[in-house]
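When the letters of the sequence shown are read in order and numbered with our numbering, they come out as residues 26 to 167. Working notes, structure below.
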Amino acid sequence: MKQRNPIPTVDIIIELEGGGIVLVERRNPPHGWAIPGGFVDVGESLEECARREALEETGLHVELVCQMHAYSDPKRDPRFHTISVVFVARAKGRPVAGDDAKNTAIFTKESLPENIAFDHRKILEDYFLWKEKGFEVFRLDR
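The structure is reproduced here in structure tokens:
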């Protein structure tokens, strides 16, 4: 019997010194803008993966601040069922597209792009609400 489980991933909301967050424009399908992130490698912790993916996709060395939340809707990725642990991180410098990122840009809540991949618009809405109201927004009984 072949075992089929959801695939673990991380996403990293990178807050830049001076304001704004970093999004990457995806080179591969599904296209659109996305929170930097990717698949956890065997033998790698979630934190190690977050730092690696941030560096590979944006060229930024990040300081992880916290785990914000986990997202597990089976439809969150059109390719297959993934579970993402979302980190919030801080960084200095200018992001530069690398790995499978076609482009990088800095956005604010008011300037988010229209075409956002996966469930990343929901994640970003949760992030901005969390910044305003704290972890109360992640209560399961709300």
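Cβ coordinates follow ideal geometry from the N, Cα and C atoms, glycine included. Owing to the predicted nature of the structure, the values given are computational and were not obtained by experimental measurement.
Item, Value
"Distance between I32 and E139 (C-alpha atoms, nearest Å)", "27 Å"
"For S109, the residue or residues it bridges with in DSSP", "T34, Y96"
"Same chain, Cβ closer than 8 Å to I108, neighbours up to 5 away in sequence not counted", "P31, I32, P33, T34, A95, Y96, S97"
"Nearest candidate by alpha-carbon position, reference L85, set K147, F64, M93, V121", "V121"
"E168, enclosing alpha helix (DSSP H) - first and last residue", "This structure cannot settle anything about residue 168, because the visible part of the chain is limited to 26 through 167."
"DSSP three-state assignment for I141, whether helix, strand or coil", "strand"
"Selected residue, minimal CA-CA separation from R51, among Q92, F143, I148, Y152", "F143"
"N128 - containing beta strand (DSSP E), residue span", "126-132"
"Burial state of D125, where buried means 16 or more other Cβ atoms lie within 10 Å", "exposed"
"Simplified DSSP state of V87, which is helix, strand or coil", "coil"
"Residues bridged to G62 [DSSP beta-bridge criterion]", "D36"
"Delimiting residues of the beta strand (DSSP E) encompassing R51", "46-51"
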